[in-house]
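Q:
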Amino acid sequence: MRIWVTSVPVDDQDKALRFYTSVLGFVKKTEVPLGEARWLTLVSPEEPDGVELLLEPDGHPAVQPFKQALVEDGIPFTSFEVKDVGAEYQRLLDAGVRFTQPPVEMGPVITAVLDDTCGNLIQLAQRK
């Protein structure tokens, strides 16, 4: 058994697609219309056949309070691995991304936390 797809709840799939591709650098893998929403997945350009990230519409009534509670408590919804958190932090700052936590050493990792503009905090992590 292995992870095939994981999801992040987003308030607007088009806005999320722009942010996650144009800013973060993921690439679109699948787009299937499903009524008002789409099955919309992204992958890392480094692993085009790797784990897919589903940009999941956050329309379910339980999702908004959950996302809001995580943001209010500063808890990232998910984490993405990067090779150099410091360089990625600077690149994304230069692109206008808002961070809620600059790079910080945390035991065996260095992390930073960004706002994905779609209602989530996302952690970037680098293994030391």
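Each residue of the sequence shown is one higher than the one before, starting from 2 at the first, in the numbering used here. Where a beta carbon is used, it is the ideal one built from N, C-alpha and C, also for glycine. These figures come from a predicted structure and were not determined experimentally.
Please list the terminal residues of the continuous beta strand (DSSP E) segment that includes V110.
A: Run containing V110: V110 to D116, per the beta strand (DSSP E) assignment.
Q: To the nearest angstrom, how far is the alpha carbon of P62 from that of Q124?
A: If you take the alpha carbons of P62 and Q124, they lie about 25 Å apart.
Q: According to DSSP, simplified to helix, strand and coil, what is A38?
A: If DSSP states are grouped into helix, strand and coil, A38 belongs with the strands.
Q: Determine the contact status of L55 and L41, defining contact as a CB-CB distance below 8 Å.
A: The answer is yes: Cβ separation under 8 Å.
Q: Is the beta carbon of R99 less than 8 Å from the beta carbon of L115?
A: Contact: yes.
Q: Assuming T79 and V9 form a contact by the criterion Cβ under 8 Å, report the distance between their Cβ atoms to the nearest whole angstrom.
A: Yes, T79 and V9 are in contact; Cβ-Cβ is about 6 Å, under 8 Å.
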